[in-house]
Structure formats: structure tokens, C-alpha cells
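Student: Chains as they are written, first to last, in the working numbering: chain A, 4 to 217; chain B, 4 to 217.
Handing you this structure, nothing more for now.
There are 2 protein chains.
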Amino acid sequence: MSSVTHDVPRRRMAAVERRAGILAAALDAFAAGGYHETSLGDVAERAGVSKALIYEHFSSKRELHGALLETYVHELLATVAEAIATAEQGEQRLRAGLEGFLGFVERRRDAWRMLVRNAAEGDLAASFERLRHEAAAAIAALMVADAPPESPAAGVERELAIEMLAEQLVGAVVSLANWWDEHRDVPREQVLAIAMDFAWVGLERLGEGEAWNA
Amino acid sequence: MSSVTHDVPRRRMAAVERRAGILAAALDAFAAGGYHETSLGDVAERAGVSKALIYEHFSSKRELHGALLETYVHELLATVAEAIATAEQGEQRLRAGLEGFLGFVERRRDAWRMLVRNAAEGDLAASFERLRHEAAAAIAALMVADAPPESPAAGVERELAIEMLAEQLVGAVVSLANWWDEHRDVPREQVLAIAMDFAWVGLERLGEGEAWNA
DNA sequence: AAGATAACTGACTCGCGAGTCAGTTAGGAG
DNA sequence: CTCCTAACTGACTCGCGAGTCAGTTATCTT
Numbered sequence: 004m005s006s007v008t009h010d011v012p013r014r015r016m017a018a019v020e021r022r023a024g025i026l027a028a029a030l031d032a033f034a035a036g037g038y039h040e041t042s043l044g045d046v047a048e049r050a051g052v053s054k055a056l057i058y059e060h061f062s063s064k065r066e067l068h069g070a071l072l073e074t075y076v077h078e079l080l081a082t083v084a085e086a087i088a089t090a091e092q093g094e095q096r097l098r099a100g101l102e103g104f105l106g107f108v109e110r111r112r113d114a115w116r117m118l119v120r121n122a123a124e125g126d127l128a129a130s131f132e133r134l135r136h137e138a139a140a141a142i143a144a145l146m147v148a149d150a151p152p153e154s155p156a157a158g159v160e161r162e163l164a165i166e167m168l169a170e171q172l173v174g175a176v177v178s179l180a181n182w183w184d185e186h187r188d189v190p191r192e193q194v195l196a197i198a199m200d201f202a203w204v205g206l207e208r209l210g211e212g213e214a215w216n217a
Numbered sequence: 004m005s006s007v008t009h010d011v012p013r014r015r016m017a018a019v020e021r022r023a024g025i026l027a028a029a030l031d032a033f034a035a036g037g038y039h040e041t042s043l044g045d046v047a048e049r050a051g052v053s054k055a056l057i058y059e060h061f062s063s064k065r066e067l068h069g070a071l072l073e074t075y076v077h078e079l080l081a082t083v084a085e086a087i088a089t090a091e092q093g094e095q096r097l098r099a100g101l102e103g104f105l106g107f108v109e110r111r112r113d114a115w116r117m118l119v120r121n122a123a124e125g126d127l128a129a130s131f132e133r134l135r136h137e138a139a140a141a142i143a144a145l146m147v148a149d150a151p152p153e154s155p156a157a158g159v160e161r162e163l164a165i166e167m168l169a170e171q172l173v174g175a176v177v178s179l180a181n182w183w184d185e186h187r188d189v190p191r192e193q194v195l196a197i198a199m200d201f202a203w204v205g206l207e208r209l210g211e212g213e214a215w216n217a
């Protein structure tokens with residue numbers, strides 16, 4: 004009875020590694036359940052660590068969550084920005100941006116889920132909303148630059164119309180990304196094709212079929 | 004000092020009215036802060052009532068929240084369904100549906116906010132996701148019925164493509180509705196015009212410009 | 001006016017989760 | 001081998017919020 008198997012006397016890790024481990028565990032947890040449904044106890048357990056240790060690396064639950072949020076929002080933004088920078092033409096640029104975005108969703112599945120899971124509540128919403136809005140604004144800016152001065156829909160202010168169009172575009176793509184997240188068997192190119200099919204046509208209309216490709 | 008002004012001895016109300024009052028207060032609170040950020044104490048205060056009384060009408064916080072959710076999800080669904088039923092043609096039907104939807108968002112601003120605020124977390128997400136999916140499925144069904152059998156985007160399964168298209172459509176409209184919620188000065192017809200401009204063109208592409216109007 | 005009933009409340013319990021602290025121990029520097 | 005630091009933990013506190021209960025009072029009925 005005294006044959007204690009004395010299971011693995013847990014290795015100590017350097018602060019940086021441990022921090023990374025905690026972040027990974029937290030990402031898992033938050034992606035699975037959202038901010039409020041996740042306790043630091045959960046995170047600690049997933050990380051195989053005591054709750055107290057978490058406080059050696061992060062001063063509060065919010066800070067931990069915020070660190071993740073910032074990391075991935077930044078990565079997402081950078082990815083898309085970089086992708087966009089490689090293409091000059093209107094349609095190609097849109098395609099490149101979408102490709103970058105979808106690549107992120109594919110590569111950082113958990114991160115994407117975490118972003119979406121925290122899109123609605125409290126001041127957490129602010130981060131996501133800002134991201135969304137930044138995307139819409141960027142798109143709107145491109146449209147303003149490229150589109151002809153005619154109003155796309157009768158009786159609507161040009162700037163307003165562009166803003167709304169951009170908002171819809173973002174919404175459509177985000178929605179599609181979420182759908183894709185639950186249909187991972189569908190290859191990325193197909194999703195991209197559909198997204199382009201939907202978005203580009205809508206955008207093209209803005210320029211009445213010309214002006215955008217030059 | 005003994006001049007007690009004995010402020011308004013709060014009127015008693017019949018159970019039904021009180022219940023309604025509590026529901027209204029809860030709607031306010033949940034719309035403003037989301038489920039988790041709202042305590043029953045908040046709701047009670049807003050309703051001008053003790054917390055205990057709430058439990059005379061609802062057995063738990065979830066039930067209270069659920070009652071609101073069900074009410075408005077149902078109303079929204081019914082509104083759109085009714086609107087759709089009045090139009091037979093493809094484009095007119097889409098316009099009618101959108102009009103009904105935007106009408107709901109305009110009329111039940113708080114309810115809409117509450118729905119959106121609870122779209123992401125835990126099993127609360129299920130309700131909203133189901134609603135979303137129901138909408139997408141309905142749209143997809145219409146498309147399947149009306150669209151020609153050609154594949155809309157090269158190399159993508161027809162059914163899959165339609166599903167994705169519908170998902171994007173829903174996302175775009177929801178996104179636009181949220182934007183509108185923060186730009187209430189923009190009249191409904193303009194929002195509708197933009198939504199149609201975006202959505203219909205994308206859809207028309209599916210049928211290559213014909214087949215939908217007959 | 002008396003009694004009954006249903007609206008209503010203050011003051012409770014109780015569990016959960018964020019955050020803390022007084023230590024214990026691994027493992028590297030000398 | 002011996003310190004010394006930095007990783008690490010168990011066992012706490014403490015406030016908050018859901019849910020409860022014993023009682024109080026308004027209003028309707030007779």
C-alpha cells in the first residue's frame with residue numbers, strides 16, 4: 004500500500020515558458036467557453052498549475068484575457084494588412100485581403116473563436132467592435148479612393164452608402180468565417196471563391212462595372 | 004425632525020402588470036449590459052421592486068431572461084415570415100423580408116440589442132445561433148427553389164455554395180442593422196436601399212440575371 | 001369592521017470565483 | 001555541499017450575486 008508511484012514531480016520551467024503555457028491554456032479555455040464562463044481555476048487546471056502562479060504572470064483575469072486579445076487582434080490586423088499590401092488592383096486587393104483573413108481563421112482557429120466568443124458583452128465588446136470598425140473603415144477608405152463619384156443607391160449620401168456597404172461586407176465575411184469554422188472540411192479556396200463571388204459583385208455595382216479595375 | 008414626508012406609498016399592482024413591468028426593466032438591463040453583467044438586483048432596482056418579488060414571477064434569472072428571448076425571437080420570426088408571405092416574386096420577397104426585419108430593429112430597439120448582446124456566450128448563444136441559422140436556411144431554401152441548377156462559383160458544390168451565400172447574406176444584414184442602431188438618424192428606406200443593393204446583386208449573380216424574376 | 005388573500009419586503013444563507021499570502025522546494029551559482 | 005533565488009503551492013479571505021423565508025401591509029370581499 005505504500006507503493007506510491009509518486010507521479011511526475013512536475014518540472015519547473017523558466018518564467019517565459021510558463022507564461023506561454025498559461026496563455027495557451029487560457030486561449031483554450033476562453034475559446035471554449037467565453038470570458039464569463041471561464042474561471043481562473045479552469046485555466047489553472049488546464050495549464051497544470053496552481054491558480055496562484057497565474058498571478059505571478061498576470062495581475063488579473065482581465066489582464067490575462069487582454070493579453071490574448073491584443074496579441075491576436077494585432078496578428079490578424081498585421082496579416083491582413085500585409086496581404087493587402089501585395090496587391091495593387093481593386094479586385095486583387097480584395098482577394099488578397101480575404102485570403103489573409105481566411106488564412107488567419109484557419110491557422111488560429113482557437114484565437115478566432117475566442118474573438119468571436121467575446122464579441123458581445125461589456126467592454127470586451129469594445130475590442131472586437133474596434134477591430135470590426137477598423138476593417139470597415141479601411142474598406143470604406145479603399146472604396147472612396149477607387150469608386151466613381153456617383154451615388155450607388157438613389158437618395159443616399161455617398162459617404163454613408165460606402166460606410167454601410169463596408170459594414171455589410173465585414174459582416175458577411177465574418178459570418179462566413181464562422182460558418183466555415185463549423186465546416187472545416189470545405190477547403191479554403193472554395194470559401195474564398197464564394198466570398199469573392201458575393202462581395203466583389205456587390206462592390207462592383209458601386210462602380211457600375213468599370214472604374215474599379217484601373 | 005419628526006416631519007417624515009413618508010414618500011409615495013408605492014401602488015400595488017395586479018400580478019400581470021407587475022410581471023410586465025419586471026420584464027420591461029429586465030429588457031432594459033439586459034439590453035444595456037448583457038446577461039452576465041446584469042444582476043437581478045439591477046433589474047429589481049430598475050423595476051422599483053424588491054428582488055424577492057421577481058422570484059414571485061420567475062423561478063430564476065435564466066427563466067426571466069429566457070422569457071424575454073423567446074418573446075422577441077418569436078416576434079421577429081413572425082414579423083419577417085408575415086412580411087415575406089405578402090410578396091411572391093423573388094426580389095419583392097427579399098425586399099419585404101428585409102423591410103420586416105428592419106422594422107423590427109427600429110420598433111424594438113432594446114429587444115434587438117438584447118439579442119445581439121447575448122449572441123456569443125455559453126448556451127445563450129444557441130438561441131441566437133438557431134435564429135440566425137433558421138434565417139439562413141429559409142433563404143437557402145428560397146434560393147434552391149428559384150435558382151437554376153448551374154453552380155454559381157467554379158468548383159463548389161451547389162448546395163454548399165447556397166448555404167454559404169445565405170450565411171453571408173444574414174451576416175451582412177445583421178451587421179448593417181447593428182450599424183444602423185448607432186446611426187438612427189439615417190432613415191429606414193435608405194438602409195433598406197443599401198441592403199437591397201448589396202444583397203440582391205449578390206443573389207442575382209446566382210441566377211445569372213434571369214430565372215429569379217419568374 | 002373583520003378577515004382573507006395576494007402583493008410585497010428586509011434580512012438572511014450559501015456557494016463560487018477573484019485575488020492573496022505564508023510558506024515549500026527545485027535547481028543553479030559559488 | 002550550501003545558499004539563494006525564483007518557481008511554485010495550499011489554504012486562506014472576501015465580496016458579490018442567486019436564491020429563500022418569515023413576516024408586513026394593501027386592497028378586495030362580505
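Beta carbons: idealized from backbone N, C-alpha and C, even for Gly.
Remember, predicted model here, so these are calculated numbers, not experimental data.
So what's Arg14 (chain A) in DSSP terms, helix, strand or just coil?
Tutor: In this structure, Arg14 (chain A) counts as coil in the three-state DSSP scheme.
Student: Comparing the C-beta of Ala17 (chain A) with each C-beta of chain B, is any distance below 8 Å?
Tutor: Cβ-Cβ to chain B under 8 Å: no for Ala17 (chain A).
Student: If you reduce the DSSP assignment to three classes, tell me which class Gly24 (chain B) lands in.
Tutor: Of the three classes helix, strand and coil, the one that applies to Gly24 (chain B) here is helix, per DSSP.
Student: Keeping to the same chain, check which residues put their C-beta closer than 8 Å to that of Leu105 (chain B); ignore five residues upstream and five downstream.
Tutor: Here the set comprises Ala180, Trp183, Arg191, Val194, Leu195, Ala198.
Student: Excluding the five sequence neighbours on either side, which residues of its own chain have a C-beta within less than 7 Å of the C-beta of Glu102 (chain B), listed in chain order?
Tutor: So the list reads Ala86, Leu195, once near-sequence residues are dropped.
Student: Name, please, each residue of chain B whose Cβ falls closer than 7 Å to the Cβ of Leu168 (chain A).
Tutor: Those within 7 Å of Leu168 (chain A) in chain B are Ile197, Phe201.
Student: Counting only Cβ-Cβ distances shorter than 8 Å, please list the residues of the segment 34-62 of chain A near chain B, keeping chain order.
Tutor: Listed in sequence order: Gly36, Gly37, Tyr38, His39, Glu40.
Student: Please identify the residue among A:Ala55, A:Thr89, A:Ala143, A:Phe107 whose C-alpha is closest to the C-alpha of Arg161 (chain A).
Tutor: Measuring from the Cα of Arg161 (chain A), the nearest candidate turns out to be A:Ala143.
Student: Suppose the cutoff is 7 Å on Cβ atoms and the five residues either side in sequence are ignored; what does the same chain contact list for Arg49 (chain B) look like?
Tutor: Ala28, Asp31, Ala32.
Student: Among A:Arg65, A:Phe107, A:Asp113, which one has its Cα closest to the Cα of Ala84 (chain A)?
Tutor: Of the candidates A:Arg65, A:Phe107, A:Asp113, the one whose C-alpha sits nearest the C-alpha of Ala84 (chain A) is A:Phe107.
Student: Starting from the C-beta of Val47 (chain A), find all residues in its chain whose C-beta is less than 7 Å away, skip the five residues before and the five after it, and write them out in chain order.
Tutor: Checking the displayed sequence, the identity of residue 47 (chain A) turns out to be Ala instead of Val. So the list reads Ser53, Lys54, Ile57, once near-sequence residues are dropped.
Student: With a cut-off of 8 Å, does the C-beta of Leu163 (chain B) fall near any C-beta of chain A?
Tutor: Answer yes: the Cβ-Cβ gap between Leu163 (chain B) and chain A drops below 8 Å somewhere.
Student: Can you list, in chain order, the residues of the segment 90-119 of chain A whose Cβ is nearer than 7 Å to any Cβ on chain B?
Tutor: Result list: Val119.
Student: Under 9 Å Cβ-Cβ, which residues of chain B neighbour Val177 (chain A)?
Tutor: Gly174, Ser178, listed in chain order.
Student: Mind checking Gly174 (chain A): buried by the 16 CB within 10 Å criterion, or exposed?
Tutor: Flag for Gly174 (chain A) reads buried.
Student: Near Ala140 (chain A), what residues of its chain come up, given a Cβ to Cβ distance below 6 Å and the 5 sequence neighbours on each side ignored?
Tutor: Excluding residues within five positions, none has a Cβ falling inside 6 Å.
Student: Quick one: Cα of Gly44 (chain B) to Cα of Ala123 (chain A), how far?
Tutor: Each residue's alpha carbon lies about 22 Å from the other.
Student: Please report the straight-line C-alpha distance between Met117 (chain A) and Arg111 (chain A), rounded to a whole angstrom.
Tutor: In a straight line, the C-alpha of Met117 (chain A) is about 10 Å away from that of Arg111 (chain A).
Student: How close, in whole Å, do the beta carbons of Gln92 (chain B) and Phe201 (chain A) come, if the pair is a contact with beta carbons under 8 Å?
Tutor: So it is not a contact: roughly 22 Å between Cβ atoms.
Student: From B:Asp188, B:Leu67, B:Glu59, B:Arg14, pick the residue whose C-alpha is nearest to that of Leu127 (chain B); which is it?
Tutor: Ranking the options by Cα distance to Leu127 (chain B), first place goes to B:Leu67.
Student: Only counting runs of 4 or more residues, tell me where the alpha helix (DSSP H) segments fall wholly within the segment 119-193 of chain B, in order along the chain.
Tutor: Qualifying alpha helix (DSSP H) stretches, in chain order: 127-149, 161-184.
Student: Give the single residue among A:Ser42, A:Arg133, A:Gly37 whose Cα lies nearest to the Cα of Leu79 (chain A).
Tutor: Nearest of A:Ser42, A:Arg133, A:Gly37 to Leu79 (chain A), Cα basis: A:Arg133.
Student: Could you work out which residues of chain B lie near Val189 (chain A), taking near to mean beta carbons separated by less than 9 Å?
Tutor: Correct list: Val159, Glu160, Leu163, Met167.
Student: Let's test the definition: count the other Cβ atoms within 10 Å of the Cβ of Asp10 (chain B) and tell me whether it reaches 16, buried, or not, exposed.
Tutor: In this predicted model, Asp10 (chain B) has a pLDDT of only 47, less than 50, meaning its place in the structure is not dependable enough to derive any value.
Student: In this structure, does DSSP put Phe61 (chain B) in helix, strand or coil?
Tutor: Phe61 (chain B): coil per DSSP, three-state reduction.
Student: From the DSSP output, in three-state form, read off Gln92 (chain A) for me.
Tutor: Looking at Gln92 (chain A) - three-state DSSP - the assignment turns out to be coil, as it is neither helix nor strand.
Student: Just checking my contact of Gly125 (chain B) with Gly36 (chain A) at CB under 8 Å: how many whole Å lie between their CB atoms?
Tutor: That pair is a contact at about 7 Å.
Student: In three-state terms, what does DSSP make of Arg111 (chain B)?
Tutor: The answer is coil: DSSP assigns Arg111 (chain B) none of H, G, I, E or B.
Student: Restricting to Cα atoms, I'd like to know which of A:Arg96, A:His77, A:Ser42, A:Val204 is closest to Glu137 (chain A).
Tutor: With distances taken between Cα atoms, Glu137 (chain A) lies closest to A:His77.
Student: Is Ala198 (chain A) helix, strand or coil when you go by DSSP?
Tutor: It is helical.
Student: Can you give the Cα-Cα distance for Leu206 (chain B) and Leu168 (chain B), rounded to whole angstroms?
Tutor: When rounded, the distance between both Cα atoms is 8 Å.
Student: Which residues, in order along the segment 116-143 of chain A, keep a beta-carbon less than 7 Å from a beta-carbon of chain B?
Tutor: For the segment 116-143 of chain A, which is checked against every Cβ of chain B, the residues closer than 7 Å are Val119, Arg120, Asn121, Ala122, Ala123, Glu124, Gly125.
Student: In whole angstroms, what is the alpha-carbon distance linking Val204 (chain A) and Val204 (chain B)?
Tutor: Roughly 7 Å between the two C-alpha positions.
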